[in-house]
Structures are given as structure tokens and as C-alpha cells.
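Read through the structure below, which is laid out as C-alpha cells, and then see the notes.
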Amino acid sequence: PDGALYRSGTRPYGSLQGLLEARDELVPMYRARLDVLARELAAAVNAQHEAGSGLAGSTGVPFFFPPNDVNAGNIRVNPAILGDLSLIAAAAGQGGGVTPPPGDGSNALAISQIRNLLQVDSNGDGTKDATLSDYYNALVAELGVQGQEASRMVDNQELLVAQLDNRRMAVSGVSLDEEVANMVRFQQAYNAAARVISAVDEMLETLINRTGVVGR
């Protein structure tokens, strides 16, 4: 229970066990999966963005930084783009010397469709078997299910503790209803005994008055 001392070599329990399990198992697992999502998103968007061209004809500019070793904790928009929005490669690339028409947004459209392409290896077997959207939705759904399960387990444990406490009180505690019932029974027994004594007293008084002094 909460407040219990933890000794090395023993398995913790209660809130301490929950915190240790979250720190050592759940948080690293979800962090690793978020890292996969960030890495695959950055790689796919950067590849498509670098193939397009900006307003000034710039090409090969990555959208996300850093270009290598991206994870959920360090992914960010390229500072060069934040300083010059004309570097956003919304237009198609100038392949073959062809300049995209004014207002061309075909590359921006292609980038927006990346979330629906198979980009993520969800099983760790090297196969791209999930879209970015599916991978993210599955991650959120799994986290929600685990949260609901943990909440149900807490409710069940609290109910069990309450039931055990009620049984303990029933065995060792004082029941006011039971004590009141006992007092009523004792009062009734006392009243009955008092009536018997009163009747005996009346009988003795009658005998004395009718027969004279006893023993004479």
C-alpha cells in the first residue's frame, strides 16, 4: 500500500509499482513508437519537399530538421524555412528544365497525401505496412484502451478493499443496529423480571396480612 517501505530485492506494489512500471516499460515503449512516427514522417516529407521547388526556384531544401537522427523530441521545421517562407517547395520540381506554372501547388498536394501512403514499419520486420495516419490512430487507440483498463482495475481494487473492510467491521466492529436491538431485548427482559418481582412481593404482602406474622 501507499507509504510502505521499499526494500531492494522485493517487488513493489501499489502506486510505487505503477510509477515504476510506467517509467521502465510504458513510457519507453510509447516514446520509441513516437520516435518511429516522427522519423518516418520527416523522411517522407523531406524527400517529397526536396523534389519540389520554392517561389525562387529553390530545390533540395529539407522541410524538417535535423535531417538525420530525427525523433519525437527533436523534430522541428527547418529554421531556414521559418526565416524565408519562399523556400517552401509547394510547386513541382524543375526537372528537365521545365519551370512550373505560377501558382502551381502540385508538390504541396503530394506532401499532403503522404499520410495516406504506406510509410511505417509497424511490426519491425522491415516492411512498410501502415500509413502514418493508421499508425498514429492505432497508437492513440491502444493508449486509450490501456488507460481505460487501468481505470477499471483501480475501480475494481477499490471496490474489493471496501468489501473487505465491510467484512472486517462486521466481524470485529460495533454494529449500531445490532447494539440497539440488544438493548431493546435487555430492556424487555428487565421489565419482565421486574413484573415477576412485583408479583412475588404482592403475594408475600398478602400472605403476611392474612396469616399474621410469619413464623408465629
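In the numbering used here, each residue carries its 1-based index in the sequence shown increased by 205. Cβ coordinates follow ideal geometry from the N, Cα and C atoms, glycine included. The structure displayed is predicted, hence computed values, not measured ones.
Please classify residue i: is it buried, with 16 or more other beta-carbons within 10 angstroms of its beta-carbon, or exposed?
i, result
"Val376", "exposed"
"Glu245", "buried"
"Phe391", "exposed"
"Pro272", "exposed"
"Tyr340", "buried"
"Ala247", "buried"
"Asn251", "buried"
"Asn312", "buried"
"Pro267", "buried"
"Glu410", "exposed"
"Arg286", "According to the sequence as given, residue 286 is Ile; it is not Arg. Flag for Ile286 reads buried."
"Ile319", "buried"
On the premise that residue j lies in contact with residue i, defined as a C-beta separation below 8 Å, what is that separation, rounded to the nearest angstrom?
i, j, result
"Ser258", "Ala297", "7 Å"
"Val325", "Leu314", "Not really, about 21 Å apart at Cβ, beyond 8 Å."
"Ala243", "Asn276", "6 Å"
"Asp334", "Leu323", "6 Å"
"Ser263", "Leu225", "With a Cβ gap of about 50 Å, Ser263 and Leu225 do not count as contacting."
So for residue i, helix, strand or coil by DSSP?
i, result
"Ser258", "strand"
"Asp266", "What sits at residue 266 in the sequence shown is Val, not Asp. Coil, per DSSP."
"Val366", "helix"
"Ala248", "helix"
"Ala386", "helix"
"Tyr211", "With a pLDDT of only 48 at Tyr211, under the threshold of 50, the placement of this residue in the model should not be trusted; the figure read from the coordinates follows. If DSSP states are grouped into helix, strand and coil, Tyr211 belongs with coil."
"Val232", "helix"
"Val275", "coil"
"Ala397", "helix"
"Ala296", "strand"
Does the beta-carbon distance from residue i to residue j come in below 8 Å?
i, j, result
"Ala294", "Gly310", "no"
"Val253", "Ile316", "Here residue 253 turns out to be Gln, not Val, going by the sequence shown. Cβ atoms of Gln253 and Ile316: closer than 8 Å."
"Arg238", "Leu344", "yes"
"Pro305", "Gln299", "yes"
Any Cβ of chain C within less than 8 Å of the Cβ of residue i?
i, result
"Phe269", "Note that chain C does not occur in the displayed structure, where there is just one protein chain."
3 or more residues per run - each beta strand (DSSP E) lying fully within the region 300-350: Whole beta strand (DSSP E) segments, 3+ residues: 323-325.
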